[in-house]
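Undergrad:
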Amino acid sequence: MSASSGKERFDQARLINIANALTAIRVVLVPLFAHLLIAGRVRWSLAVFVVCGLSDGLDGLLARLLKQRTIVGYYLDPIADKLLMATSFIVLAYVKILPEWLTVLVISRDLFILVGSVLILLLLGSENIRATALGKLNTAVQILTVVYFLTIRAFPWLANSLGGGWEQTVSGVVVGVCALVTAASGVHYMAIGFKQLSDA
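Per my numbering, numbering through the sequence shown is continuous, rising by one, with the last residue being 206.
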């Protein structure tokens, strides 16, 4: 499928609609989320993160149901998602909730994928760069990681109910799974990119 035929699926007449407005609101909420978390208002930051997550699902649903898919939304939606996740991991590391090395791994993966996608676009002229099943799993795992650590900090009684040893064990498993899936996803995307370049 050519790039021009692919873009025919989008509504070229609309720039701003309900779905795009929700995506824009999600972008605006990211600095608020970071401010609340740095200020120690973890429950409020968790609430903002949940709102962002709900808006992410809602804007995609509305875009399909109302047939309001636009080029702006096509590019803005993943940017908003990456901005939220990158900010979440950076701030969680800054406030010493997540280990810094995990944040470095998450950001490095996204940067490698971004650079690779740009190279493929420039060298091959291909815009058919899609998320893989492993990439979608990685996104889900990262979201759950952020929600888990925000939740146990927002509601300490949950961690206390597990006991000190168990809370550390569960947290270690969550960090380990997140790191493993993030690394695997990054290697997978790199393999796909190298294959596309070698087949060109």
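Note that the Cβ used here is the ideal one computed from N, Cα and C, for glycine as well.
All figures in this text were calculated on a predicted structure; none of them were measured in a lab.
Measuring CB atoms only, is the region 43-62 touching the region 104-112, in the sense that at least three cross pairs come out at less than 8 Å?
TA: Verdict: no, contact absent.
Undergrad: Where does K88 sit, in a helix, a strand or coil, going by DSSP?
TA: K88: helix per DSSP, three-state reduction.
Undergrad: Check whether the region 35-45 and the region 84-104 are in contact - that is, three or more C-beta pairs closer than 8 Å.
TA: Yes, since at least three Cβ pairs between the region 35-45 and the region 84-104 fall closer than 8 Å, the two stretches touch.
Undergrad: Helix, strand or coil for I31 per DSSP?
TA: I31: helix per DSSP, three-state reduction.
Undergrad: With 8 Å set as the bound, which would you pick, yes or no: does the beta-carbon of L82 sit closer than that to a beta-carbon of chain B?
TA: Considering every chain present, this structure includes no chain B. It has just one protein chain.
Undergrad: Verify whether the separation of the beta carbon atoms of V183 and V147 is less than 8 Å.
TA: Closer than 8 Å, so yes.
Undergrad: Going by DSSP in three states, T175 sits in which element: helix, strand or coil?
TA: Helix.
Undergrad: Could you compute how far the alpha carbon of P162 sits from the alpha carbon of R49?
TA: So the alpha carbons of these two residues sit roughly 11 Å apart.
Undergrad: Excluding the 5 residues flanking V101 on each side, which residues of the same chain have their C-beta closer than 7 Å to its C-beta?
TA: Excluding residues within five positions, the ones whose Cβ falls inside 7 Å are L43 and I44.
Undergrad: For I119, which three-state DSSP category applies?
TA: Here I119 sits in helix by DSSP.
Undergrad: Quick one: using the 10 Å Cβ neighbour count with 16 as the cut-off for buried, is R32 buried or exposed?
TA: With 16 or more other Cβ atoms within 10 Å, it is buried.
Undergrad: Rank I149, L71, N166 and I126 by C-alpha distance to the C-alpha of S204 and give the top, closest one.
TA: Among I149, L71, N166 and I126, the Cα nearest to that of S204 is on I126.
Undergrad: Contact defined as beta carbons within less than 8 Å: I believe V230 pairs with Y154. What is the distance between those atoms, to the nearest angstrom?
TA: Lying before the first or after the last residue shown, residue 230 is absent from the chain, which here runs from 7 to 206.
Undergrad: Use the C-beta contact count for S191: other C-beta atoms within 10 angstroms, 16 or more gives buried, fewer gives exposed.
TA: Buried, by the Cβ-count rule.
Undergrad: Mark S61 as exposed unless 16 or more other C-beta atoms lie within 10 angstroms of its C-beta, in which case mark it buried.
TA: Flag for S61 reads buried.
Undergrad: Distance, Cα to Cα, D139 vs L130?
TA: Residue identity differs from the one stated: residue 139 is Ala in this sequence, not Asp. In a straight line, the C-alpha of A139 is about 23 Å away from that of L130.
Undergrad: Closer than 6 Å by C-beta to L90: which residues in its own chain qualify, once you throw out the five before and the five after it? Chain order, please.
TA: Once the five neighbours on either side are set aside, the close Cβ partners of L90 are V36 and C58.
Undergrad: With 16 other CB atoms within 10 Å as the buried threshold, where does R136 fall?
TA: Exposed is the call here.
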